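A short worksheet on the structure shown next.
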Amino acid sequence: MSEGGHIRLLPPDVANKIAAGEVVERPASVLKEILENAVDAGATQIDVEAVAGGTRLVSVADNGLGMNRDDALLSIERHATSKIHTADDIEHIHTLGFRGEALAAISSVSRFRLRSRRHDELAGTELVVSGGKLLDVKDAGCPPGTLLEIRDLFFNMPARRKFLRSPQTETVHIRQMFLLQALAWPAVGMSLTLDGRRSWALAAGSAPAERIRELFGQELAEGLRSLEPGQGDVKVSGFVSLPALTRGDRTEQYVFVNGRPASAPVIGYAINEAYHSLIPDGRHPTIVLYLEMAPDLVDVNVHPTKKEVRFRRSSDVRDAVIGAIRQALSRAGAAFVAGQGAKPPVPSMPPAVTPFLKIDDLPASRVFSYPRLPPAESRGAMASPSLPVVPSADAKPAVAGAVPSPAPKAPWTWCRVIGQIGGLYVLLETEEGYVVMDPHAAHERVLFEKIMNAVEQGKVESQGLLVPETVELPPRDALHVRKNLELMKKLGIGVSEFGGDTFVVDALPKGMQGLGVKAMLIDVACHLETLGERGSHSRWREEAIAQAACKAAVKARDRLSLGEVEQLVIALASAEMPYTCPHGRPTLIYTSFHELARKFGRE
Ligand code: ADP
Ligand code: MG
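See below:
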């Protein structure tokens, strides 16, 4: 009773372990902290090595400032930093680090070795720390700069260690982090060695364009346009993709604020605005964006890992980003921008490069019909001629759920093609009304069912490419493709590993020749990634792959002949689920003559 309160100060090693939970999530976060320290120390060359995705070893050697013995000993103490001295300094941060937490946290949850030598000193220092305990301090002969070796991360926190993923997955995170930092600092020479194999060796002194080419390859670099470095308080530079080069997620958007990889909702919003009406909904451009502004205009102290930043004047940031991107796109002839600059874009401009289907030489009214479909009962459908087509009043995908019934019936028994409207839609007259068909969506549906039927019957026909194509993918995409190689083969996509993140595609499902192979693989990866959250049933994954392949197949063709349109109409009429594309968008919008009569007040 008389022993006083229950509250105690935590011993420092416990406090460090708790902090480690915030700063260090996985080997890639260790790499991030150490790379940032090296850059802060003015390094011009940084060499990184990781073993087993960094779970066994992360090592980083830099040729920066280095530390003397006192500094080295202090560097692993909590809240020890050379980068700020007073609370005021937090408002004007010029360095990447400032919290003085990283080395203390990392050394408390790993076997840690630091070797460092200042340029003006003869001998270096070596520290050995294990699980937060300093085991050894001694002189060491070493080159100027700093070498850190972090082994067995979380060896003393079994619960955390269990949360690490397979070495393969952790390797992907390491590569992704390296890539991000390499983009942030194009002038710094950097190398990455994974499990003893050199993965990247990036030249020092590069301009951003050269670094991007080294990291992403010539092909992608050619699809990018540079931003004119602007004036004003917020300087925007970097590269953006033309509207033709998009992907289904945002993973290839890299944003740096004062050299720090960062995200902020306003930047995502500005990118969307800049591309508004130039690319289809749900597609995202590839972007490398560097923002520079006075340190007091940005707050990086929102989050321990400093991932998200806050801007003091976010509307300036938004306007600068939109303006710079729009200007670059219009210079490239990709956008017909009326109101350039800070004003919101004009939404009515025609989509310039969006790959829609165009139908050649479709006469104003071409009549054709074809035999009735097989008797209704053989398709398990009702015989009623009234059409259960998507009602025109509600053309949104929301109706998709209501449409595909397990026993669908043909949408019409005869029809004639009236023509093409809006440069895209095909207008059909049927016995009971008229139908507007999106040939793009319809084509996807038809191809999709063709592949899935073939899969079900175990006879997918695959056709060899004349010239096999070699494709290098971003690390995350590569992982998804690699994990599903067997399934893809089953679906007729002849893809095999070529080392690293490179794949060779030598065959495609029959009828899909001439595809943008790389775009297709990336779409497949995106689909699989989204699926990953919902489940990994192989049937769903098959569908995801088939969907992506169809989408790519349709995108790769930009013209359909009249004959092909007719084929399409016929094929769609006999599809299992003719009313939506595999992604759930409507393929047909039907208006009955009844409805017309009602609207004209005839009924
Ligand atoms: P912070 O970077 O927030 O200051 P860290 O724990 O990451 O905190 O590092 C603590 C200190 O150790 C740094 O302020 C810096 O003085 C020193 N330090 C860390 N890494 C290096 C390095 N590679 N080269 C020189 N000094 C370093
Ligand atoms: Mg740091």
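The opening position of the sequence shown corresponds to residue 9 in my numbering, with each subsequent residue numbered one higher.
Glycine included, each C-beta is placed from N, C-alpha and C at the ideal position.
From a predicted model like this one, the values you see are computed outputs, not experimental measurements.
Nearest C-alpha to residue 464 among 255, 551 and 32: 551.
For the pair residue 196 and residue 593, the Cα-to-Cα distance works out to about 47 Å.
Annotation for residue 331 indicates a beta carbon at 6 Å or more from all heavy atoms of the ligand MG. When 138, 277 and 243 are compared, the shortest CA-CA separation from residue 164 is found for 138. With three or more CB-CB distances shorter than 8 Å, the region 82-100 counts as touching the region 111-121. The alpha-carbon separation between residue 484 and residue 265 amounts to approximately 23 Å. Taken atom to atom, the span from the alpha-carbon of residue 76 to that of residue 41 is near 20 Å.
Fully contained in the region 408-496 are the following alpha helix (DSSP H) runs of length 4 or more, in chain order: 447-464 and 483-491.
In the pairwise beta carbon analysis, the region 224-232 is classified as touching the region 245-262: at least three pairs are separated by under 8 Å.
Assigned with DSSP and collapsed to three states, residue 62 falls in helix. Taking a contact as a CB-CB distance under 8 Å, the pair residue 159 and residue 43 does not count as one, their CB atoms being some 18 Å apart. By alpha-carbon distance to residue 299, the top candidate from 488, 286, 269 and 575 is 269. Taking the Cα positions, residue 569 is about 28 Å away from residue 513. Secondary structure note for residue 154: its beta strand (DSSP E) is the uninterrupted segment 153-159. Taking residue 307 as the centre and dropping the five residues before and after it, the same chain places the C-beta of 318 closer than 6 Å to its C-beta, in chain order. In this structure residue 561 is buried. Its beta-carbon is surrounded by 16 or more other beta-carbon atoms within 10 angstroms. Of the other Cβ atoms in all chains shown, fewer than 16 fall within 10 Å of the Cβ of residue 311; this residue is therefore exposed.
Relative to residue 136, the option among 448, 221, 128 and 123 whose CA is nearest is 123. In the DSSP annotation of this structure, the continuous segment of the alpha helix (DSSP H) that includes residue 22 starts and ends at 20-31. No heavy atom of the ligand ADP is found nearer than 6 Å to the CB of residue 270. Not a single heavy atom of the ligand ADP lies less than 6 Å from the C-beta of residue 498. Around residue 174, the same chain offers 61 as residues with beta carbons nearer than 8 Å, after the five sequence neighbours per side are excluded.
The continuous alpha helix (DSSP H) containing residue 223 extends over residues 216-224.
At a cut-off of 4 residues, not a single continuous stretch assigned as alpha helix (DSSP H) sits fully inside the region 289-314. At least one heavy atom of the ligand MG lies closer than 6 Å to the C-beta of residue 110. In this structure, the C-beta of residue 106 approaches the ligand ADP to less than 6 Å from one of its heavy atoms.
Contiguous alpha helix (DSSP H) elements confined to the region 98-149 occur at 110-116, taking only those with 4 or more residues. Closest in C-alpha terms to residue 509, from the list 496, 488 and 28, comes 488. The three-state secondary structure of residue 250, taken from DSSP, is coil. With 16 or more neighbouring CB atoms inside 10 Å of its own CB, residue 214 falls in the buried class.
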